[in-house]
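Data first, discussion second: the structure below is written as structure tokens.
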Amino acid sequence: MVLFRLERTLKYKAKPGRGVDQLRSQLLLLMDGIERLATATVPLHVAHYEGWVDLRRRVGAAQRKSDLRRAEDPVDAVVCAYVALYAQRRPEGVTIYGDPATGCIVTPSLPTRRP
């Protein structure tokens, strides 16, 4: 989760042993991170978009894992679209794994550590 400067990945995908409360809180943390992109070098403004507000409301009110699963795809789509925008506007800030001609994954680059 380089975009959000997190030390570990968010556990918002349903897996055995993860309860609805944990999944909801993790998905809301991801949504918080997306909203903070409004002040990023490559900004993304979602917080006042009606569809986003409704999605956040549904996630916050979710009582079942199935409710959260329905919200995962739109949130993931926003992240993917943002990475594409970021790659276009800051190509020097991404790492490409694979070959663009045959298939690849594009991700924001990890920050470099200085000694």
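Everything in the sequence shown is counted per my numbering, starting at 1 for the first residue and increasing by one. Using N, Cα and C, we set each Cβ at its ideal position, and we do this for glycine too. Treat the numbers as computed from the prediction; the structure is a model and nothing was measured.
Range of the contiguous alpha helix (DSSP H) that encloses residue i
i      : result
Pro108 : Looking at the DSSP string, Pro108 is not in any alpha helix (DSSP H); the run it does join, the beta strand (DSSP E), is 103 to 108.
Gly98  : No alpha helix (DSSP H) contains Gly98, which is instead part of the beta strand (DSSP E) from 94 to 99.
Leu10  : Leu10 -> no alpha helix (DSSP H), and no H or E assigned at all.
Ala84  : 65 to 89
Reference residue i; option with closest CA among the options
i     : options                     : result
Gly17 : Lys65, Pro100, Pro91, Val75 : Lys65
Val42 : Tyr86, Val94, Pro108        : Tyr86
Whole-angstrom distance between residue j and residue i, CA atom to CA atom
i     : j      : result
Arg89 : Leu110 : 17 Å
Gln63 : Ala101 : 43 Å
Lys11 : Leu55  : 18 Å
Burial state of residue i, where buried means 16 or more other Cβ atoms lie within 10 Å
i     : result
Leu68 : buried
Ile96 : exposed
Ile34 : buried
Arg57 : exposed
Nearest-angstrom Cβ-Cβ length linking residue i and residue j, presumed shorter than 8 Å
i     : j     : result
Leu37 : Leu29 : So it is not a contact: roughly 14 Å between Cβ atoms.
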